[in-house]
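Enquirer: Numbering (this note's numbering), first residue to last: 18 to 384. Where a beta carbon is used, it is the ideal one built from N, C-alpha and C, also for glycine. Take this structure, written in structure tokens, and hold onto it; I'll ask about it next.
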Amino acid sequence: MENQEEVNFGRSLIVPSVQQLARNEPSITKIPHRYVQQLDDHDSSFVSSDDPLTINPSVPVIDLHNLIENTSTYSSELIKLHTASKQWGFFQVINHGISETLLEDFKREILDFFGLSMEEKKHLWQEEDNHEGFGQLFVVSEEQKLDWSDMFYITTLPHHLRKSQLFQKLPHLLRDKLEVYSAEMKKLAVAILGQMGKALGMKTEEMSELFEDGVQSMRMNYYPPCPEPELALGFSPHSDADALTILYQLNQTDGLQIRKDGKWVTVKPLPNALVVNIGDIMEIVSNGVYKSIEHRAMVNSNDERLSVATFYSSSMGTELGPAQSLVAQHKVANFRRVPLEEYFKGFFARKLDGKSYLDYMKLGESK
Ligand code: OGA
Ligand code: NI
Numbered sequence: 018m019e020n021q022e023e024v025n026f027g028r029s030l031i032v033p034s035v036q037q038l039a040r041n042e043p044s045i046t047k048i049p050h051r052y053v054q055q056l057d058d059h060d061s062s063f064v065s066s067d068d069p070l071t072i073n074p075s076v077p078v079i080d081l082h083n084l085i086e087n088t089s090t091y092s093s094e095l096i097k098l099h100t101a102s103k104q105w106g107f108f109q110v111i112n113h114g115i116s117e118t119l120l121e122d123f124k125r126e127i128l129d130f131f132g133l134s135m136e137e138k139k140h141l142w143q144e145e146d147n148h149e150g151f152g153q154l155f156v157v158s159e160e161q162k163l164d165w166s167d168m169f170y171i172t173t174l175p176h177h178l179r180k181s182q183l184f185q186k187l188p189h190l191l192r193d194k195l196e197v198y199s200a201e202m203k204k205l206a207v208a209i210l211g212q213m214g215k216a217l218g219m220k221t222e223e224m225s226e227l228f229e230d231g232v233q234s235m236r237m238n239y240y241p242p243c244p245e246p247e248l249a250l251g252f253s254p255h256s257d258a259d260a261l262t263i264l265y266q267l268n269q270t271d272g273l274q275i276r277k278d279g280k281w282v283t284v285k286p287l288p289n290a291l292v293v294n295i296g297d298i299m300e301i302v303s304n305g306v307y308k309s310i311e312h313r314a315m316v317n318s319n320d321e322r323l324s325v326a327t328f329y330s331s332s333m334g335t336e337l338g339p340a341q342s343l344v345a346q347h348k349v350a351n352f353r354r355v356p357l358e359e360y361f362k363g364f365f366a367r368k369l370d371g372k373s374y375l376d377y378m379k380l381g382e383s384k
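In structure tokens:
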């Protein structure tokens, strides 16, 4: 890209740190009013994967080794990937090739990072005109309910989109590990997207043009224990705006839930697995064949929980819309076309509201 200027994708109102609140008042029994959510579905439609009375659906597991190394079970694994992307929008990947040492090292740096004092974190906090740094995203009014979590958001790729002042202020060890992790996550996302393109019957060049130099950002999430977990949410229901998200759950604590056929299903952390989900961009590119599924994070009264979501989107300067090869196959385009930058600015200017932004992108009767 010619233009080397930083792009400002959005802002969010500055809100207090929940981690600090939990740290300062370890014995609180009630959460402040601003964190009390209206939760109609906490009980009635909640499905726990340990509940013996309900059918026990669990998110599919894909063995990436079979896809990337083209083993004898390639075709059946590709069908599994395709079905998971259509029916679940979420799956876990094993044998993903990311070294355990890197995952452990990165985890340690993130634990330390959230463990910094408030004084140190202040230098890394969001600023009024931009949402990168510590804080929360999507806060647009003082009345809006807040999630029981802190996060750190940073644009990592391509290099020229980075906020260099923010990068320079990161602890050095974290920066080093983040650099390696970011490169590995890009490779993994591009590899998975490539397989999805094959499964969808897209032209190879279409996928590579869109994703060769994609925008990558990371969101590190910290969910402190919560004295009233049934009243709060760690992360409100949303779908991800990117093409493909890779979520690393740093501990074995449950929290992530996805909406499957109207019910909330817990995604149990599997050792050494990463959680992958289809984002809105991939739902659009696939012309609606793949589904970007609503998900949320719950909190609990005993354990803190941490996760890192790495978001991968198409390249700046590309136009977002259904792949032409799929529009030709399906004989209809189900989504409108907009420049990627405009799409992102629209997304970050709104309060998170399930899949409403994707609905806005929809064309025709399916709306
Ligand atoms: C996200 C997200 C879920 C989690 O960061 O977009 O959905 O379990 N995170 O932290
Ligand atoms: Ni998400």
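From Gln161, Tyr170, Asp164, pick the residue whose C-alpha is nearest to that of Glu149; which is it?
Expert: Sequence index remark: in the sequence shown, residue 149 carries index 132 (1-based). Selected option, being the one with the closest Cα: Tyr170.
Enquirer: What residue does the alpha helix (DSSP H) around Val344 start on, and which one ends it?
Expert: Locating residue 344 in the sequence shown gives position 327, where the first residue counts as 1. Per DSSP, Val344 belongs to the alpha helix (DSSP H) from 341-347.
Enquirer: Starting from Leu357, follow the alpha helix (DSSP H) in both directions and report where the run begins and ends.
Expert: Working through the sequence shown from its first residue, we reach residue 357 at position 340. 357-365 is the span of the alpha helix (DSSP H), which, as asked, contains Leu357.
Enquirer: Leaving out five residues on either side along the sequence, give the residues of the same chain with a beta carbon under 7 Å from the beta carbon of Ile301.
Expert: Indexing the sequence shown from 1 puts residue 301 at position 284. Excluding sequence neighbours, Ile301 sits near Leu337, Gly338, Pro339, Phe352, Met378.
Enquirer: Would you list the one or two residues that DSSP bridges to Phe328?
Expert: Translated into positions along the sequence shown, residue 328 becomes position 311. Ser234, Thr262.
Enquirer: Report yes if the C-beta of Thr262 is less than 7 Å from at least one heavy atom of ligand 2; otherwise report no.
Expert: Counting from one through the sequence shown, the residue named residue 262 turns up at place 245. It does: the Cβ of Thr262 is within 7 Å (strictly closer) of some heavy atom of ligand 2.
Enquirer: Taking the beta strand (DSSP E) that Leu95 falls in, what are its first and last residues?
Expert: Counting from one through the sequence shown, the residue named residue 95 turns up at place 78. No beta strand (DSSP E) holds Leu95; the alpha helix (DSSP H) holding it covers 91-104.
Enquirer: If you scan the stretch 128-200 from start to end, which runs of the beta strand (DSSP E) of 3 or more residues do you find wholly inside it?
Expert: The stretch 128-200 contains these whole beta strand (DSSP E) runs: 150-152, 167-174.
Enquirer: Restricting to Cα atoms, I'd like to know which of Ser44, Ala350, Ile79 is closest to Ser318.
Expert: Taking the first residue of the sequence shown as 1, we reach residue 318 at position 301. Out of Ser44, Ala350, Ile79, Ser44 has the C-alpha closest to the C-alpha of Ser318.
Enquirer: Hey, quick one: how far does the alpha helix (DSSP H) through Gln36 stretch, first residue to last?
Expert: Locating residue 36 in the sequence shown gives position 19, where the first residue counts as 1. It spans 35-41 - the alpha helix (DSSP H) in which Gln36 sits, taken as one unbroken run.
Enquirer: Based on DSSP bridge pairs, tell me the residues matched to Gln269.
Expert: As a working note, residue 269 is residue 252 in the sequence shown. According to DSSP, which records beta bridges pairwise, Gln269 is partnered with nothing at all.
Enquirer: Buried or exposed for Ala200, please, with buried defined as at least 16 other CB atoms from any protein chain shown within 10 angstroms of its CB.
Expert: Working through the sequence shown from its first residue, we reach residue 200 at position 183. With fewer than 16 other Cβ atoms within 10 Å, it is exposed.
Enquirer: For ligand 1, I want to know if Asn319 counts as a neighbour, meaning its beta carbon is within less than 7 Å of at least one of the ligand's heavy atoms.
Expert: The sequence position of residue 319 within the sequence shown is 302, counting from 1. No, since every heavy atom of ligand 1 falls outside the 7 Å radius drawn around the Cβ of Asn319.
Enquirer: Report buried or exposed for Ile295, applying the criterion of at least 16 other Cβ atoms within 10 angstroms of its Cβ.
Expert: Locating residue 295 in the sequence shown gives position 278, where the first residue counts as 1. Counting Cβ neighbours within 10 Å, Ile295 comes out buried, since at least 16 surround it.
Enquirer: Between the stretch 322-332 and the stretch 230-239, do at least 3 Cβ pairs fall closer than 8 Å?
Expert: Yes, the stretch 322-332 touches the stretch 230-239.
Enquirer: May I ask you to verify whether the stretch 221-229 touches the stretch 152-166, counting CB pairs closer than 8 Å and requiring at least 3?
Expert: Touching, no, given that fewer than three Cβ pairs across the two stretches are closer than 8 Å.
Enquirer: How many angstroms separate the CA atom of Gln54 from the CA atom of Ser116?
Expert: The residue you call residue 54 lines up with position 37 of the sequence shown. The residue you call residue 116 lines up with position 99 of the sequence shown. Each residue's alpha carbon lies about 39 Å from the other.
Enquirer: Does DSSP put Met378 in a helix, in a strand, or in coil?
Expert: In the sequence shown, the residue the question calls residue 378 occupies position 361. Note: Met378 maps to helix in three-state DSSP.
Enquirer: Grouping DSSP H, G and I as helix and E and B as strand, with all else coil, what is Ile48?
Expert: Here residue 48 corresponds to residue number 31 of the sequence shown, with the count starting at 1. It is coil, neither helix nor strand.
Enquirer: DSSP on Arg125, reduced to helix/strand/coil?
Expert: For the purposes of this step, residue 125 is taken as residue 108 along the sequence shown, with counting starting at 1. It is helical.
Enquirer: Per DSSP, what kind of secondary structure is Ser116 in: helix, strand or coil?
Expert: Stepping through the sequence shown from its first residue, residue 116 is reached at position 99. Coil.
Enquirer: Would you decide whether Lys384 is buried or exposed? Buried here means 16 or more other CB atoms lie within 10 Å of its CB.
Expert: Within the sequence shown, numbered from 1, the residue matching residue 384 stands at position 367. Only weak support exists for where Lys384 lies, its pLDDT of 42 falling under 50; the coordinates are left without a value.
Enquirer: Could you have a look at Phe26 and say whether DSSP puts it in helix, strand or coil?
Expert: Counting from one through the sequence shown, the residue named residue 26 turns up at place 9. Here Phe26 sits in coil by DSSP.
Enquirer: Under 8 Å, do Leu343 and Asn304 count as touching if we go by C-beta distance?
Expert: Translated into positions along the sequence shown, residue 343 becomes position 326. Translated into positions along the sequence shown, residue 304 becomes position 287. Yes, the Cβ-Cβ distance between Leu343 and Asn304 is below 8 Å.
Enquirer: What does a CB cutoff of less than 8 Å around Glu311 pick up in its chain, not counting 5 residues either side in sequence?
Expert: Here the question's residue 311 lines up with position 294 in the sequence shown. Excluding positions up to five away in sequence, the list reads Pro254, His255, Ser256, Ile275, Arg276, Gly371, Lys372.
Enquirer: Please indicate yes or no: does the CB of Asp257 lie closer than 7 Å to some heavy atom of ligand 2?
Expert: Your numbering for residue 257 matches position 240 in the sequence shown. Asp257 Cβ: within cutoff of ligand 2.
Enquirer: Short of 7 Å in beta carbon distance, which residues of its chain neighbour Ala206, apart from the five on each side in sequence? Order them along the chain.
Expert: As a working mapping, residue 206 is identified with position 189 in the sequence shown. So the qualifying residues of the chain are Leu261, Ile263, Tyr329.
Enquirer: From which residue to which residue does the beta strand (DSSP E) around Thr283 run?
Expert: Your numbering for residue 283 matches position 266 in the sequence shown. Here the beta strand (DSSP E) through Thr283 covers 280-283.
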